[in-house]
Structures are given as structure tokens and as C-alpha cells.
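Numbering (the UniProt record's numbering), first residue to last: 1 to 334.
We treat Cβ as the ideally placed atom computed from N, Cα and C, and that holds for glycine.
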């Protein structure tokens, strides 16, 4: 039951979150730091009140070493993923590329945990990688086409984009490593999803002091945005702050579901759910915002999605269910 509830939280949160995040990024492409800080601060405050009972409850998992490592990885992944949007990375490519966490998780699982998988699993990973590769290459060509300047400016734009891809790649591997670390941690100390959610967002907060000037500057820009009337409070609020608040709430729903899943399922299964969530975000982004998406992008997306279905062994499950229904009918006829 917890697993179904968690999956619902992930998908409901993601459907709403992608809209508000893109509204923020379209207006201010460099606002990744203030978005990340707001998410961390909200979840940390909620956890401090409801999980730790205003700091009176001791953590079940020792903070020293265990949480320090996990928090460092989580903070790094969150900041880099959002900051990569500053480097000519379009939102659809951002979501497609991050869907590669499935292959990163499997590779690190083989290397670190010495896991072995069936041939269908390896085939699915190859397809996911191929789909992401197609989408990345086509987006690289779009970067060259879109830039309208001298050859030197074109090269600069492309190198800028490559830096964004490098950041996404690093965050991808770091995220997969964090998932494996969480899995081993829960096996040792038990499942404590709400506690992990709180400490992962509370402990990194001092790190945002390094980004304080950028956060402050974007806060000023947000305050200068067009005010809109909010019926509940009967007051006008700058629209960018409203978008930020809705982004924080929907992101909380999504990440809350992910942390529940980490205590109920293996890290690779969690990665699969997150991958499907990203594809739903991708479709919403394309349809709602009319983001550029060529036939090659659709081909890459289809290959990634097919690879994901192969990994979940959907066909085997459907065949088994149909076979079970047929056997039940035969028994009734007898």
C-alpha cells in the first residue's frame, strides 16, 4: 500500500511541478539556485516540526559519517542539475538526459555491489542509452543552428552547451551512487524515509551561503515581477513568488514519494519509477509549452520508453496474467 501511495505522490507531484518549474526558468533561466534553496528550506522546516518534533527526536541513523556522505551527494546533485539550465540546456533535453539514471544505476550496481542482471535488463539499458544519445546529438545540432552570430560565437555557444552536458553527466553518476548508498544504509539501520528526507534537506542549508548573492539577486528580480491577486489572502503577490511557492509544494509531493520508495524497493526499481516520471514531465513540457521537438527527438524518446518497458518486464507480466485468466476459465468450464 505504501508503494502505491508513493508512486501516486511521485506522478501527481511531477505533473504539476514541471509546469511551474518551466514558468520560472523561461522568465529567469539562471534561477536554479533560488529554486533549489526554496525546496530545501521548505522540506527542512516541515521535517523539523513534524519529524524531529522541534529537534527533540534523536535520529535512528547516526548523523556522523552516514548522513554526511548522503547529504553531500544529494546537495551536489540538486545544485548541479538546476545550475545546468544556465548552459543552453533546453528543458526537454534536461529531462531526457536525467532519464539515463537507469543505466548509471545499473553500471554502478555491477561495479560496486557486484550485481548481475538478465539479458533483457541489459538490452533495456542499451536502448535507454541509445535513445538518450539520439536526443542529445539532435539537441547539439540545434544549438549550432539556433545561434546567430559569428563562427566564434557559435563555438562559444556550443562549448557552453557541452559544459552543461558534462554537469548533467556528473550529476547522473552521483545520483546513481547516492541511490546505492541509501539502499545499503537502509539494510543496515532499517527504513526511515521521513528522517532521511529531513536530514538530506536540513544539513546542506549552510552550503547555500556560498550561493547567497545569486539567491538574493533573483529574489529581487522575483519581487519586481507582475503582481497578481490571490483570492485566499486578498492581496497582490508578485507572480514569480507564486510560481516558486507552487513549485516547492509540488516538488515536495514528488520527492516525498521518492523517499518512501527508497525504503520499499531496490534502488534500481526506484530509478525506474523516477525515469517514467521524467517522461511524463517531458510530454507535458512539449505539449504545454510547445518546446521544439523533432522527429529524431520523438524516436529517441520512443526508444528510451521501450527500453524502460522491457526492463519492467511488462510483456511477461501481461502474458502471465492472460495465461492465469485462461486457466481460470478452463477450470470453471470443467
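Length at least 4, wholly inside the stretch 264-307: the alpha helix (DSSP H) runs in chain order = Listed in chain order, the alpha helix (DSSP H) elements of length 4 or more contained wholly in the stretch 264-307 are 267-289.
message = According to DSSP, simplified to helix, strand and coil, what is residue 92?
response = Within the chain shown, the letter at position 92 stands for residue 92. If DSSP states are grouped into helix, strand and coil, residue 92 belongs with the helices.
request  = Report, in whole angstroms, the separation of the C-beta atoms of residue 208 and residue 215, which I expect to be a contact under 8 Å.
outcome  = On the chain shown, position 208 is the one that residue 208 refers to. On the chain shown, position 215 is the one that residue 215 refers to. The C-beta distance from residue 208 to residue 215 rounds to 7 Å, short enough to fall under 8 Å.
Of the residues 111, 82, 182, the one placed nearest residue 169, counting alpha carbons only = Against the chain shown, residue 169 aligns to sequence position 169. Considering only alpha carbons, the answer is 82.
inquiry  = So if DSSP puts residue 229 in a beta bridge, which residue, or which two residues, is it bridged to?
reply    = In the chain shown, counting from the first residue as 1, residue 229 sits at position 229. Per DSSP, 236.
request  = Please determine if the stretch 185-201 and the stretch 57-70 are in contact, where contact requires at least 3 C-beta pairs separated by less than 8 Å.
outcome  = Result yes; three or more Cβ-Cβ pairs closer than 8 Å.
query = With distances taken between CB atoms, is the gap from residue 243 to residue 43 smaller than 8 Å?
reply = Counting from 1 along the chain shown, the entry for residue 243 is found at position 243. Counting from 1 along the chain shown, the entry for residue 43 is found at position 43. The answer is no: Cβ separation not under 8 Å.
query = Exposed or buried, what is residue 114 when buried is set at 16 or more other beta-carbons lying within 10 Å of its beta-carbon?
reply = Taking the first residue of the chain shown as 1, we reach residue 114 at position 114. Answer is exposed; the Cβ neighbour count stays below 16.
message = Buried or exposed, going by whether 16 or more other CB atoms sit within 10 Å of the CB of residue 56?
response = The sequence position of residue 56 within the chain shown is 56, counting from 1. With fewer than 16 Cβ atoms within 10 Å of its Cβ, residue 56 is classed as exposed.
message = Is the beta carbon of residue 29 closer than 8 Å to that of residue 93?
response = Counting from one through the chain shown, the residue named residue 93 turns up at place 93. Counting from one through the chain shown, the residue named residue 29 turns up at place 29. The answer is no: Cβ separation not under 8 Å.
ask   = So residue 260 and residue 2 are in contact, right, with Cβ under 8 Å, and what is the actual spacing, rounded?
value = On the chain shown, residue 260 is found 260 positions in, with the first residue counted as 1. On the chain shown, residue 2 is found 2 positions in, with the first residue counted as 1. Rounded, the Cβ-Cβ distance is 6 Å, consistent with contact.
message = Taking 8 Å as the cut-off, does the stretch 175-189 touch the stretch 69-83 (at least 3 CB pairs, one atom from each stretch)?
response = Between the stretch 69-83 and the stretch 175-189 there are three or more inter-stretch CB-CB distances shorter than 8 Å, so the stretches are counted as touching.
query = Is the stretch 300-309 touching the stretch 120-140, taking contact as three or more C-beta pairs under 8 Å?
reply = Contact between the stretch 300-309 and the stretch 120-140 is present, because at least three Cβ pairs lie under 8 Å.
ask   = Using CA coordinates, which residue listed in 117, 224, 53, 135 is at the minimum distance from residue 294?
value = As a first step, residue 294 is located in the chain shown; it is residue number 294 there, counting from the start. That would be 135, whose Cα lies nearest to the Cα of residue 294.
ask   = Helix, strand or coil for residue 206 per DSSP?
value = Against the chain shown, residue 206 aligns to sequence position 206. Residue state, collapsed to three classes: helix.
request  = Pull up the distance between the alpha-carbon of residue 231 and that of residue 298, whole angstroms please.
outcome  = In the chain shown, the residue the question calls residue 231 occupies position 231. In the chain shown, the residue the question calls residue 298 occupies position 298. Distance between the alpha carbons of residue 231 and residue 298: 41 Å.
task = Following the continuous alpha helix (DSSP H) through residue 69, name the residue where it begins and the one where it ends.
result = In the chain shown, counting from the first residue as 1, residue 69 sits at position 69. Its alpha helix (DSSP H) spans residues 68-83.
key: Cutoff 6 Å; reference residue 199; Cβ partners in own chain excluding five residues on either side   = Walking along the chain shown from the start, residue 199 turns up at place 199. The answer, listed in chain order, is 67.
ask   = Could you give the distance in angstroms between the alpha-carbon of residue 211 and the alpha-carbon of residue 227?
value = Translated into the one-based positions of the chain shown, residue 211 becomes position 211. Translated into the one-based positions of the chain shown, residue 227 becomes position 227. Going by the C-alpha atoms only, they are around 26 Å apart.
task = With DSSP as the reference, label residue 311 as helix, strand or coil.
result = Taking the first residue of the chain shown as position 1, residue 311 is located at position 311. In the structure shown, residue 311 falls within a helical segment according to DSSP collapsed to helix, strand and coil.
query = What does a CB cutoff of less than 7 Å around residue 195 pick up in its chain, not counting 5 residues either side in sequence?
reply = The sequence position of residue 195 within the chain shown is 195, counting from 1. The residues are 51, 59, 60, 61.
query = Using CA coordinates, which residue listed in 229, 89, 73 is at the minimum distance from residue 157?
reply = For the purposes of this step, residue 157 is identified with residue 157 of the chain shown, where counting begins at 1. Considering only alpha carbons, the answer is 89.
Local conformation of residue 120 per DSSP, three classes = Reading the chain shown from its first residue, position 120 is the one you call residue 120. Under the three-state reduction of DSSP output, residue 120 falls in the helix class.
message = Using CA atoms only, rank isn't needed, just tell me which of 186, 112, 205, 218 is closest to residue 24.
response = The residue labelled residue 24 in the question sits at position 24 within the chain shown. If we check each option's Cα against that of residue 24, 218 comes out closest.
inquiry  = Check for me: the alpha helix (DSSP H) holding residue 9 runs from which residue to which?
reply    = Here residue 9 refers to the residue found at position 9 when the chain shown is read from its first residue. Here the alpha helix (DSSP H) through residue 9 covers 2-27.
key: Closest Cα partner of residue 87 within the set 287, 247, 32, 225   = Numbered from 1 along the chain shown, position 87 holds the residue referred to as residue 87. Cα-wise, what sits closest to residue 87 is 32.
query = How many angstroms separate the CA atom of residue 10 from the CA atom of residue 108?
reply = Along the chain shown, read from residue 1 onward, the residue named residue 10 stands at position 10. Along the chain shown, read from residue 1 onward, the residue named residue 108 stands at position 108. Taking the straight line from one Cα to the other gives about 24 Å.
C-beta atoms of residue 22 and residue 91 nearer than 8 Å = Locating residue 22 in the chain shown gives position 22, counting from the first residue. Locating residue 91 in the chain shown gives position 91, counting from the first residue. Taking 8 Å as the Cβ cut-off, residue 22 and residue 91 qualify as a contacting pair.
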